[in-house]
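K.L.:
Its first residue numbered 2, the sequence shown is counted upward by one per residue in our numbering.
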Amino acid sequence: MKSDIEIAQSIELKPITDIVEQVGITFDDIELYGKYKAKLSFDKINAVKDQEPGKLVLVTAINPTPAGEGKSTMSIGLADALNKIGKKTMIALREPSLGPVMGIKGGAAGGGYAQVLPMEDINLHFTGDMHAITTANNALSALIDNHIQQGNELGIDQRRIIWKRVVDLNDRALRQVIIGLGSPVNGIPREDGFDITVASEIMAILCLATDIKDLKERLSNIVVAYRYDRTPVYVRDLEVEGALTLILKDAIKPNLVQTIYGTPALVHGGPFANIAHGCNSVLATSTALRLADYTITEAGFGADLGAEKFLDIKTPNLPKTPDAVVIVATLRALKMHGGVAKTDLSEENVEAVKAGFANLKRHVENVRKFGLPAVVAINEFVADTEAEIATLKELCAEIGVPVELASVWANGADGGVDLAKAVVEAVENGGADYKRLYSDDDSIEEKVSKIVTQIYGGRSVIFGPKAQTQLKQFATFGWDKLPVCMAKTQYSFSDNPALLGAPEEFDITIREFVPKTGAGFIVALTGDVMTMPGLPKKPAALNMDVAEDGTAIGLF
């Protein structure tokens, strides 16, 4: 069996100029990054912004397990299959972060015969967006410290600087650092820390901004610190929003690539869904909607994280609401949620499928709470048995949700045709009646409580001492009207990664809130979730190399 990279390298790519012609994009509409990658110009984005948007399908998943689900793979395979059955389709996906690529999770370019290409470029430096975001973030850090060094005209309390530096790698040693040591010429010593780049508010802003003007406005609204009188300090107080926007002037443009089957794909932005809002850029999704009949997009991790944030935070910024939601699962993952150890997943276990179905069922119910039709996509594995498949179909029938098996990893577009037909049926039945889970006028406490009790299935919310103080403080600043972005483990509905399935009667503890006023939401930190991951004992980097001719080796 070929690896993902071997499959990718066996494909003869077409020039990106040929790929994008099918959706009405010409040579003059793009900025080339070699033969097979390009950025879409704002001239083209503006030229189509008044066009009627097509259909929007959101792909999400059950809570992830070490058994794997394959959400990006399914998104790509579904788009290829929709094109195969005659629906003009585009994909809007996130960019991979080098942290997971070099760590353990892997890339975000799909797998098998459902990949976006060139996968080596996409998984590594791509068009430089991640580096631009890292540079803009760290330029702001440098400007803050320089302001303090040069007299601190704004009265910034250096103990209350909340803006961190970032790097696009998993590096636990940088979570807490001391800077400015050595001598007075090296700055004012203070505590600092690093987040991973995809956790930067600038990443979130890039993914929510609608144009350069909006980008600059959002950057100006970032809160970086507090003064000695506890009032917030914004980027606009430092007067550096113009410089930050300049660094990002190319990164904000969506990237165009292709799938193995020649489906045009916009791959742009990459916030994590467990510590940020987990969706690709508004610009990419909105533009794809105006260029294609169907747009397939995905949101990170399980539907309790990525999909909830897509529907409560991103959707209000889109030209239309989703028409259907695809929930990806595997029988292996369901069995793991049903209590089976990873080493035993290849053995038939119908009872574990029944037990693990509780996780999938709750996600289906949650999608319906937003007024949207759901379709279950089962990513096929060779060890799946007829009895397990039959049981799953019976369980799905009991709750009235369509379910289709898909073998897009092994069979590409052909393996997703039945799923594509089911999605088209769900979309064209016109059952979507989208509604947000909460309103802007709800308090932060009410928003968090609705997410915990109605989406997670929890009993209540416990606000820690710091969080309680912040709730009062944020209300005085007017930040309580912003949406809430939960930072929570992806492995469980609860804040305990060990509670698989569909746990009940649990409490969620909010230890701290982080204002992301430029992005336009408040992050609620739960459990021990971290904004800078660490590397595993044997990171994926150990398998990577490069041949003398520059060919990548061991990249999945």
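Beta carbons are placed, not taken as given, at the ideal position from N, Cα and C, and that holds for glycine.
Straight-line CA distance for Pro534 to Ile197?
P.N.:
Taking the sequence shown and counting its residues from 1, one reaches residue 534 at position 533. Taking the sequence shown and counting its residues from 1, one reaches residue 197 at position 196. About 7 Å.
K.L.:
In whole angstroms, what separates the C-alpha of Lys362 from that of Pro504?
P.N.:
Residue numbering aside, residue 362 sits at position 361 when the sequence shown is read from its first letter. Residue numbering aside, residue 504 sits at position 503 when the sequence shown is read from its first letter. Near 12 Å, if we compare the C-alpha coordinates of Pro504 and Lys362.
K.L.:
Considering Cα atoms alone, identify which of Phe557, Pro320, Ala325, Tyr457 is closest to Glu299.
P.N.:
By 1-based counting over the sequence shown, the position of residue 299 is 298. It is Ala325 whose Cα lies nearest to the Cα of Glu299.
K.L.:
Assuming Arg219 and Ala520 are in contact, meaning their beta carbons sit under 8 Å apart, how far apart are those beta carbons, in whole angstroms?
P.N.:
One-based indexing of the sequence shown puts residue 219 at position 218. One-based indexing of the sequence shown puts residue 520 at position 519. 7 Å between Cβ atoms; contact.
K.L.:
Would you grab the beta carbon distance between Tyr114 and Ile20 for me? Rounded to a whole angstrom, and I think it's under 8 Å.
P.N.:
Locating residue 114 in the sequence shown gives position 113, counting from the first residue. Locating residue 20 in the sequence shown gives position 19, counting from the first residue. Actually they do not touch by this definition, with Cβ atoms about 17 Å apart.
K.L.:
DSSP has Ser142 in a bridge; who is on the other side?
P.N.:
The residue labelled residue 142 in the question sits at position 141 within the sequence shown. Ser142 pairs with nothing; no bridge assigned.
K.L.:
Nearest-angstrom Cα distance between Gly270 and Asp130?
P.N.:
Here residue 270 is taken as the residue at index 269 of the sequence shown, counted from 1. Here residue 130 is taken as the residue at index 129 of the sequence shown, counted from 1. Whole-angstrom Cα-Cα distance: 8 Å.
K.L.:
Kindly indicate which three-state DSSP category Arg219 falls into: helix, strand or coil?
P.N.:
Along the sequence shown, read from residue 1 onward, the residue named residue 219 stands at position 218. Three-state result, Arg219: helix.
K.L.:
Taking only three categories from DSSP, how would you classify Glu241?
P.N.:
The residue labelled residue 241 in the question sits at position 240 within the sequence shown. Rather than Glu, the amino acid found at residue 241 in this sequence is Val. Looking at Val241 - three-state DSSP - the assignment turns out to be coil, as it is neither helix nor strand.
K.L.:
Cα separation between Asn281 and Pro185?
P.N.:
One-based indexing of the sequence shown puts residue 281 at position 280. One-based indexing of the sequence shown puts residue 185 at position 184. Distance between the alpha carbons of Asn281 and Pro185: 43 Å.
K.L.:
So, at 7 Å on beta carbons, what are the nonlocal neighbours of Ala289 in its own chain, with the 5 sequence-adjacent residues on each side left out?
P.N.:
Position 288 of the sequence shown, counted from the start, is the residue given in the question as residue 289. The answer, listed in chain order, is Met91, Ala93, Leu267, Thr296.
K.L.:
With Ile26 as the anchor, note down where its beta strand (DSSP E) starts and where it stops.
P.N.:
Translated into positions along the sequence shown, residue 26 becomes position 25. No beta strand (DSSP E) holds Ile26; DSSP gives it neither H nor E.
K.L.:
Straight-line CA distance for Lys517 to Lys422?
P.N.:
As a working mapping, residue 517 is identified with position 516 in the sequence shown. As a working mapping, residue 422 is identified with position 421 in the sequence shown. Computed Cα separation, rounded: 40 Å.
K.L.:
My assumption, with CB atoms under 8 Å, is that Tyr439 sits in contact with Asp313. Please give the rounded CB distance.
P.N.:
On the sequence shown, position 438 is the one that residue 439 refers to. On the sequence shown, position 312 is the one that residue 313 refers to. Rounded, the Cβ-Cβ distance is 7 Å, consistent with contact.
K.L.:
Can you have a look at His126 and say buried or exposed, based on whether 16 or more other CB atoms are within 10 angstroms of its CB?
P.N.:
The residue you call residue 126 lines up with position 125 of the sequence shown. Exposed, by the Cβ-count rule.
K.L.:
What residue range does the alpha helix (DSSP H) around Arg369 cover?
P.N.:
Taking the sequence shown and counting its residues from 1, the one referred to as residue 369 is at position 368. Counting along the chain, the alpha helix (DSSP H) containing Arg369 begins and ends at 351 to 370.
K.L.:
Closer than 8 Å is the cut-off here; do at least three beta carbon pairs connect the region 484 to 496 with the region 533 to 549?
P.N.:
Flag = no, the region 484 to 496 and the region 533 to 549 do not touch.
K.L.:
Does the structure place the region 409 to 423 close enough to the region 354 to 368 that three or more beta carbon pairs sit under 8 Å?
P.N.:
Taking 8 Å as the limit for Cβ pairs, the verdict is that the region 409 to 423 does not touch the region 354 to 368.
K.L.:
For Val1, name the three-state secondary structure that DSSP assigns.
P.N.:
In this structure the chain extends from 2 to 557, so residue 1 is not present and cannot be described.
K.L.:
Exposed or buried, which one is Ala483 when buried takes at least 16 other CB atoms within 10 Å?
P.N.:
Your numbering for residue 483 matches position 482 in the sequence shown. The amino acid occupying residue 483 in the given sequence is Leu; Ala does not appear at that position. By the 10 Å Cβ count, Leu483 comes out buried.
K.L.:
Among Gln150, Glu70, Thr286, which residue has its Cα nearest to the Cα of Leu41?
P.N.:
The residue labelled residue 41 in the question sits at position 40 within the sequence shown. Of the listed residues, the one whose Cα sits closest to Leu41 is Thr286.
K.L.:
Going by Cα to Cα distance, which pick from Leu332, Gly301, Asp158 is closest to Arg95?
P.N.:
On the sequence shown, position 94 is the one that residue 95 refers to. Checking every option, the nearest Cα to that of Arg95 belongs to Gly301.
K.L.:
Residues in its own chain within less than 6 Å of Tyr37 by CB, not counting five upstream and five downstream?
P.N.:
In the sequence shown, counting from the first residue as 1, residue 37 sits at position 36. So the qualifying residues of the chain are Leu14, Ile17, Pro119.
K.L.:
Looking at the unbroken beta strand (DSSP E) that takes in Asp193, where does it start and where does it end?
P.N.:
Translated into the one-based positions of the sequence shown, residue 193 becomes position 192. 191 to 193 is the extent of the beta strand (DSSP E) around Asp193.
K.L.:
Looking only at DSSP bridge pairs, what is Ala266 linked to?
P.N.:
By one-based count along the sequence shown, residue 266 stands at place 265. DSSP output for Ala266 lists Ile92, Val258 as bridge partner(s).
K.L.:
Closer than 8 Å by C-beta to Val234: which residues in its own chain qualify, once you throw out the five before and the five after it? Chain order, please.
P.N.:
Position 233 of the sequence shown, counting from 1, holds the residue named residue 234. Closer than 8 Å at Cβ, skipping near neighbours: Leu155, Ile157, Val224, Val225, Ala226, Tyr227, Arg228.
K.L.:
Can you round the beta-carbon distance between Gly372 and Gly78 to whole angstroms, since I take them to be within the 8 Å contact cut?
P.N.:
The residue you call residue 372 lines up with position 371 of the sequence shown. The residue you call residue 78 lines up with position 77 of the sequence shown. Between Gly78 and Gly372 the Cβ distance is about 27 Å, and since that is not below 8 Å, they are no contact.
K.L.:
Output the boundary residues of the beta strand (DSSP E) element that contains Thr296.
P.N.:
As a position in the sequence shown, residue 296 is number 295, starting the count at 1. Note, Thr296: beta strand (DSSP E), 295 to 299.
K.L.:
Between which two residues does the alpha helix (DSSP H) harbouring Pro516 extend?
P.N.:
Working through the sequence shown from its first residue, we reach residue 516 at position 515. No alpha helix (DSSP H) holds Pro516; the beta strand (DSSP E) holding it covers 508 to 517.
K.L.:
Report yes if the C-beta distance between Asp419 and Glu429 is below 8 Å; otherwise report no.
P.N.:
Residue 419 sits at position 418 when you count from the first residue of the sequence shown. Residue 429 sits at position 428 when you count from the first residue of the sequence shown. Cβ atoms of Asp419 and Glu429: not closer than 8 Å.
K.L.:
Do Lys467 and Glu399 have their C-beta atoms within less than 8 Å of each other?
P.N.:
Start at 1 with the first residue of the sequence shown, and residue 467 comes out as number 466. Start at 1 with the first residue of the sequence shown, and residue 399 comes out as number 398. Against a cut-off of 8 Å, the Cβ pair of Glu399 and Lys467 comes out as no contact.
K.L.:
Going by beta-carbon coordinates alone, are Met103 and Ala553 separated by less than 8 Å?
P.N.:
For the purposes of this step, residue 103 is taken as the residue at position 102 of the sequence shown. For the purposes of this step, residue 553 is taken as the residue at position 552 of the sequence shown. No, the pair does not count as a contact, with Cβ atoms beyond the cut-off.
K.L.:
Taking the alpha carbon of Asn360 as the reference point, which residue from Ser347, Thr386, Arg333, Lys343 has its own alpha carbon closest?
P.N.:
Residue 360 sits at position 359 when you count from the first residue of the sequence shown. The shortest C-alpha separation from Asn360 is found at Arg333.
K.L.:
Would DSSP call Pro233 helix, strand or coil?
P.N.:
Numbered from 1 along the sequence shown, position 232 holds the residue referred to as residue 233. In the structure shown, Pro233 sits in a strand (DSSP, three-state: E or B).
K.L.:
What does the alpha-carbon distance come out to for the pair Val49 and Phe28?
P.N.:
As a position in the sequence shown, residue 49 is number 48, starting the count at 1. As a position in the sequence shown, residue 28 is number 27, starting the count at 1. Approximately 16 Å between the Cα atoms of the pair.
K.L.:
Do the region 159 to 177 and the region 197 to 217 touch if we need at least three Cβ pairs shorter than 8 Å?
P.N.:
Yes: at least three Cβ pairs fall under 8 Å.
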